[in-house]
Amino acid sequence: MSTEAKKQIIDVGDGAAIPRKSDRGLFTAWRIAFFGAIGTIAYLVWSRPDPYLNILKFVPDGIAVTFQVTLGAILLAIVIGLITGLGRISKNRFFNGVASLYVEVIRGIPLLVQIFYIYYALGTIVKVPAILSAIIAMAVCYGAYMGEVVRAGIESIAKGQREAALSLGMNGRQTMIHVILPQAVKVILPPVGNEFIALLKDSSLVSIIAVADLLRRGREYASESFTYFETYTVIALIYLIITLFFSKIIGVMEERVSVNK
Amino acid sequence: MKALRTLTAVLALGLCFVSAAFAAPKAITVASDATWPPMEFVDANKKIVGFDIDFMTAVAKEAGLQVTFKNTAWDGIFAGVEAGQYDAIISSVTITPERQAKYDFTNPYVQIGQILVVPKAEKGTKIADLKGKKIGAQIGTTGAMEVKKVAGVELKTYDEVGLAFEDMAAGRIAGVVCDEPTAITYALQKKEYSSKFKIVGKSFTKEAYGIVVKKGNKELVAQLNKGIAAVQKKKIDVQLKKKWQLK
Chain A
40 MSTEAKKQII DVGDGAAIPR KSDRGLFTAW RIAFFGAIGT IAYLVWSRPD
90 PYLNILKFVP DGIAVTFQVT LGAILLAIVI GLITGLGRIS KNRFFNGVAS
140 LYVEVIRGIP LLVQIFYIYY ALGTIVKVPA ILSAIIAMAV CYGAYMGEVV
190 RAGIESIAKG QREAALSLGM NGRQTMIHVI LPQAVKVILP PVGNEFIALL
240 KDSSLVSIIA VADLLRRGRE YASESFTYFE TYTVIALIYL IITLFFSKII
290 GVMEERVSVN K
Chain B
3 MKALRTLTAV LALGLCFVSA AFAAPKAITV ASDATWPPME FVDANKKIVG
53 FDIDFMTAVA KEAGLQVTFK NTAWDGIFAG VEAGQYDAII SSVTITPERQ
103 AKYDFTNPYV QIGQILVVPK AEKGTKIADL KGKKIGAQIG TTGAMEVKKV
153 AGVELKTYDE VGLAFEDMAA GRIAGVVCDE PTAITYALQK KEYSSKFKIV
203 GKSFTKEAYG IVVKKGNKEL VAQLNKGIAA VQKKKIDVQL KKKWQLK
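As you go down the protein sequences, you meet chains A and B in turn.
Residues in the first sequence are numbered consecutively from 40, following our numbering.
Residues in the second sequence are numbered consecutively from 3, following our numbering.
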């Protein structure tokens with residue numbers, strides 16, 4: 040398999056599309072969606088403050104929790120992913136076996152089931168706040184996917200790089216830290232960005248374990264005001280604005296990294 | 003001529019029978035969130051059972067309706083009746099002014115109240131005693147609304163009341179507020195919980211359950227009210243309360 044083909048494979052994700060300067064069509068779509076969503080919310084609030092303004096006032100602490108869960112989970116998932124990715128390419132049989140088993144098991148279980156499982160399993164062993172359980176559950180799941188991204192990223196670096204580093208007298212660890220990983224990061228960054236956005240969206244699943252995230256706050260509002268349609272319209276628009284905003288940031292970050300190639 | 007008249011008469015009579023067969027019983031679908039024992043829950047045979055289910059079946063029989071039950075998640079159960087996914091809801095729904103503004107209710111059929119369940123070690127006896135702590139309730143229930151009313155207590159809402167009790171067993175929340183019959187089932191009758199939880203104080207609200215139908219469906223409300231009246235007159239509801247151990 041050529042390096043080129045591998046790059047293409049890991050560039051596919053279920054996150055929001057990340058606009059690149061070269062991709063005009065997507066760039067315009069991004070603008071329409073982003074400003075359209077903001078405009079729609081502004082119009083709804085202006086034309087019908089009840090219920091739309093009330094909904095907007097009710098959910099901000101939910102947005103904060105959604106961010107908390109997403110950021111906590113992505114950081115933890117990157118750490119887990121790095122370890123898992125290194126494990127997956129390790130020649131150490133035990134390390135490799137554990138990492139592979141972890142990836143197989145996690146990828147075979149739906150995220151919703153994992154969240155329930157980790158939440159209630161942790162509950163029987165230790166007292167962990169709900170939000171921390173949610174972060175752990177999301178990180179354990181996404182760590183497995185991240186591990187695959189890291190593995191693919193490392194494997195995409197030409198063999199010659201490693202051979203050259205070794206022939207310069209570096210040991211295996213030095214080669215990995217100073218030669219392979221810095222190059223792999225550039226390859227890994229786009230799929231990690233995708234994972235981040237996918238995680239942001241999937242974080243809505245934690246509302247099921249009574250974590251008061253954006254979706255939960257919306258559901259609480261709807262359940263007492265019976266304005267289901269209006270509430271979920273606002274919730275969907277807020278999620279859209281957040282994901283589009285981050286996809287833009289990730290796009291910019293990616294360009295920065297690719298400039299100093 | 004005589005033969006023709008007889009034939010007409012027979013035909014007319016036949017038509018009557020046929021139309022009668024078509025007219026009754028009218029079939030209705032009723033939604034219930036079967037996570038609320040002993041009022042409505044799923045038994046070991048995956049069947050929806052409970053006081054509400056038996057009661058609704060009896061009411062339908064008296065009103066000449068044929069009823070099918072649909073197990074529906076509580077969050078969004080009202081949206082479903084509004085969208086016409088089912089004709090009515092019988093799911094321990096307390097009649098409140100807010101709900102009455104949006105939906106039509108039948109006459110009340112059971113009186114209950116909210117009650118607080120806490121771990122055995124807890125000394126507090128009312129919601130206000132648990133200031134600074136988290137109290138759980140099912141989302142969108144009158145229990146959740148009662149907790150919200152008390153300042154200084156954090157409400158945590160759950161999709162199902164069973165999840166709230168499980169979280170209390172794990173030590174994540176300090177109390178659960180729900181309807182008294184359900185509290186009794188969880189705190190006193192479930193093996194896993196009866197050693198851990200206790201019910202404190204008396205029920206602190208006076209509420210009545212009603213059957214919910216879409217706003218403006220006066221015909222169905224009238225039919226159901228007729229059925230409820232007949233069931234109450236025959237004291238079927240008293241027998242059912244005994245069967246499901248309601249006070």
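Even glycine gets a Cβ: it sits at the ideal position worked out from N, Cα and C.
Keep in mind that this is a model prediction, so the values were computed, not measured.
As assigned by DSSP and simplified to three states, the class of B/S94: The three-state secondary structure of B/S94, taken from DSSP, is coil.
Chain B within 8 Å of A/S262, Cβ atoms only: Output row for A/S262: interface = yes.
field: Residues that DSSP places opposite B/F43 in a beta bridge
entry: BP columns for B/F43 point to B/T37 and B/V51.
field: Positions along the region 206-227 of chain B whose CB lies within less than 7 Å of some CB in chain A
entry: Flagged: no residues at all.
query: With C-beta atoms as the reference, is A/R256 less than 8 Å away from A/F97?
result: Taking 8 Å as the cut-off, the Cβ atoms of A/R256 and A/F97 count as close.
- prompt: Among all the DSSP beta bridges, which residues are the ones paired with B/N227?
  reply: None, per the DSSP bridge assignment.
message: Using 8 Å as the threshold, is the C-beta distance between B/I79 and B/A33 below it?
response: Their beta carbons are under 8 Å apart, which means B/I79 touches B/A33 by this criterion.
task: Just mark A/P149 as buried or exposed, buried being the case when its beta carbon has 16 or more other beta carbons within 10 Å.
output: A/P149 is exposed by the Cβ-count criterion.
- request: Please report how far the alpha carbon of B/Y188 lies from the alpha carbon of B/V202, in whole angstroms.
  value: Across the structure, B/Y188 and B/V202 are spaced so that their CA atoms are roughly 13 Å apart.
- request: Could you tell me whether any Cβ in chain B is nearer than 8 Å to the Cβ of A/T163?
  value: Yes, because at least one Cβ of chain B sits closer than 8 Å to the Cβ of A/T163.
message: Which residue marks the beginning of the alpha helix (DSSP H) containing B/I186, and which one marks its end?
response: E182 to I186 is the span of the alpha helix (DSSP H), which, as asked, contains B/I186.
query: Do you know how far the Cα of A/A169 is from the Cα of B/R174?
result: Put simply, the backbone Cα of B/R174 is about 7 Å away from that of A/A169.
message: According to DSSP, simplified to helix, strand and coil, what is A/A251?
response: Correct three-state label for A/A251: coil.
query: Does the beta carbon of A/I249 sit closer than 8 Å to a beta carbon anywhere in chain B?
result: The identity of residue 249 of chain A in the sequence shown is Ala, whereas the question assumes Ile. Chain B contact via Cβ: present.
task: May I have the straight-line CA-CA distance separating B/V223 from A/V142, to the nearest angstrom?
output: Taking the straight line joining both Cα atoms gives about 56 Å.
query: Counting pairs of beta carbons, one from the region 227-243 of chain B and one from the region 56-74 of chain B, are three or more of them closer than 8 Å?
result: Yes, they touch.
task: Determine the DSSP secondary structure at B/D89, reduced to helix, strand or coil.
output: B/D89: coil per DSSP, three-state reduction.
- prompt: Is it the case that the CB of B/V95 approaches a heavy atom of the ligand SAM more closely than 7 Å?
  reply: Questions concerning the ligand SAM fall outside what the structure shown contains, since it holds no ligand whatsoever.
field: Bounding residues of the beta strand (DSSP E) (the contiguous stretch that carries B/L190)
entry: Per DSSP, B/L190 is not a residue of any beta strand (DSSP E), being assigned neither H nor E.
message: Please tell me whether B/F107 and B/I213 are closer than 8 Å, where the distance is taken between their beta carbons.
response: Yes, Cβ-Cβ distance for B/F107 and B/I213 is below 8 Å.
message: So A/G120 and A/M185 are supposed to be a Cβ contact under 8 Å. How far apart are they, rounded?
response: Here A/G120 really is in contact with A/M185; their C-beta atoms are around 3 Å apart, less than 8 Å.
message: Which same chain residues end up closer than 7 Å to B/A23 when comparing Cβ atoms and leaving out the 5 residues on each side of it in sequence?
response: With a pLDDT of 49 at B/A23, under the threshold of 50, the predicted position of this residue should be treated as unreliable, though the coordinate-derived value follows. Apart from the 5 residues on each side of it in sequence, B/A23 has no Cβ closer than 7 Å to any other Cβ in its chain.
message: Quick check: is the beta carbon of A/K166 nearer than 8 Å to any beta carbon in chain B?
response: With a threshold of 8 Å between beta carbons, A/K166 makes contact with chain B.
- request: Take the Cβ of B/G70 as the centre, count every other Cβ of all protein chains shown within 10 Å, and call the residue buried at 16 or more, exposed below.
  value: Checking the sequence shown, residue 70 of chain B turns out to be Thr, not Gly. Under this definition B/T70 is an exposed residue.
query: Would DSSP call B/I114 helix, strand or coil?
result: B/I114 falls in the strand class under three-state DSSP.
message: Could you check whether B/I50 and B/A36 sit closer than 8 Å to each other, using their CB atoms as the reference points?
response: With contacts defined by Cβ atoms closer than 8 Å, B/A36 and B/I50 form a contacting pair.
Between the CA atoms of B/M58 and B/N73 - distance to the nearest angstrom: Their Cα atoms are separated by approximately 14 Å.
query: DSSP state of B/T159, grouped into three classes?
result: Strand.
- prompt: Just checking, does the region 167-182 of chain A make contact with the region 236-248 of chain A on the three C-beta pairs under 8 Å criterion?
  reply: As far as the Cβ criterion goes, the region 167-182 of chain A touches the region 236-248 of chain A, which means the pair count is three or higher.
Short Cβ contact (8 Å threshold) for A/K1 with A/W69: This structure does not reach residue 1 of chain A, given that chain A is present from 40 up to 300, and the question cannot be answered.
Same chain only: Cβ atoms within 7 Å of B/V155, ignoring 5 sequence neighbours per side: Within the same chain, Cβ atoms closer than 7 Å to the Cβ of B/V155 are found at I129, L132, K133, K135, I137 and V149, the five residues on either side in sequence being excluded.
- prompt: Residues in the region 115-143 of chain B with C-beta within 8 Å of chain A's C-beta atoms, listed in sequence order?
  reply: For chain A, the residues of the region 115-143 of chain B that bring a beta carbon within less than 8 Å of one of its beta carbons are G138, I141 and G142, in chain order.
query: With 16 as the cutoff for other CB atoms within 10 Å, does A/N233 come out buried or exposed?
result: Taking a 10 Å sphere around the C-beta of A/N233, we find 16 or more other C-beta atoms and assign the residue as buried.
message: By DSSP's criteria, B/V178 is part of a beta bridge. Which residues make up the other side?
response: Note: B/V178 sits in a beta bridge opposite B/V119 and B/G138.
query: Since A/R258 meets chain B, which of its residues come closer than 7 Å, beta carbon to beta carbon?
result: Chain B residues near A/R258: D77 and I141.
query: Got a sec? Which residues, its chain only, sit under 6 Å from A/I281 by beta carbon, not counting five neighbours each side?
result: Contacts found: none.
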